[in-house]
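Chains as they are written, first to last, in my numbering: chain F, -3 to 110; chain R, 339 to 452.
The block underneath contains the structure these notes are about, expressed in structure tokens.
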Amino acid sequence: AQSVTQLGSHVSVSEGALVLLRCNYSSSVPPYLFWYVQYPNQGLQLLLKYTSAATLVKGINGFEAEFKKSETSFHLTKPSAHMSDAAEYFCAVTNNTGGFKTIFGAGTRLFVKA
Amino acid sequence: NAGVTQTPKFQVLKTGQSMTLQCAQDMNHNSMYWYRQDPGMGLRLIYYSASEGTTDKGEVPNGYNVSRLNKREFSLRLESAAPSQTSVYFCASSEIGGDQETQYFGPGTRLLVL
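Shown next, in the form of structure tokens:
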């Protein structure tokens, strides 16, 4: 069975500071991993994804994530936070072994202080 | 392209009433999904349709039915609404092959059951 754990339901950073959102996963087979972002009153949109190519994945808006198999982690980072980054972020996992079922984490809300 | 569209945007029901949530996509995707989003629980899969003519239960199917009307449309029906079904409902779609793992989300339907 697959699962995703996002550490911290809320994260607050100052504008210009490093953003680090943590995600750990559990999967019995090689996973596909995703980060999605949700702005207020909108649906989710893809930030980046890992599909067994390069372990360091770059996404939109300056975000990147590193797949670490030994730590079963896929943490999301951005060197310098911008006010427009304030949103909710979801980590997700799928193993594509039939049914295309994606498991989402509970989400982390990012606050950016001026 | 409109992407994934959902109607209605908001709905208030009384316990026991029925309603159908509509979803359509114009990306020629094969797979479509219905999720519900509740605070602190991320997104949970209700039903999905891997391809036209097929539907399967997700994590929380009880109290819901679905219809894959054609390749574009995937509807979710609540036969007898309950307060526990108060939630935000998202429809999503994805392609098979290549970019199959990425899901594209609609803007959501906010449902309140009194």
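Just so you know, even glycine gets a beta-carbon here, dropped at the ideal spot from N, CA and C.
Since the model is a prediction, treat every value here as computed from it, not as a measurement.
DSSP places H6 of chain F in the uninterrupted beta strand (DSSP E) bounded by 6 to 10.
With a cut-off of 8 Å on Cβ pairs, the segment 61 to 73 of chain F is in contact with the segment 14 to 27 of chain F, counting three or more such pairs. At least one CB of chain R lies nearer than 9 Å to the CB of N37 of chain F.
Put simply, the backbone Cα of V89 of chain F is about 11 Å away from that of Y32 of chain F. Only those residues of the segment 40 to 62 of chain F whose C-beta falls short of 8 Å from the nearest C-beta of chain R are listed: L40, Q41, L42, K45, T47.
Scanning F:G39, F:R18, F:A102 for the CA closest to the CA of K64 of chain F turns up F:R18.
Between the beta-carbon of K45 of chain F and that of G58 of chain F there is about 16 Å, and that puts the pair past the 8 Å contact cut. Rounded to whole angstroms, the gap between the alpha carbons of A110 of chain F and Y35 of chain F is 18 Å. The segment 394 to 410 of chain R makes no contact with the segment 442 to 452 of chain R; the number of CB pairs closer than 8 Å stays below 3.
When C-beta distances to chain R are compared with 7 Å, every residue of the segment 11 to 26 of chain F stays at or above that value.
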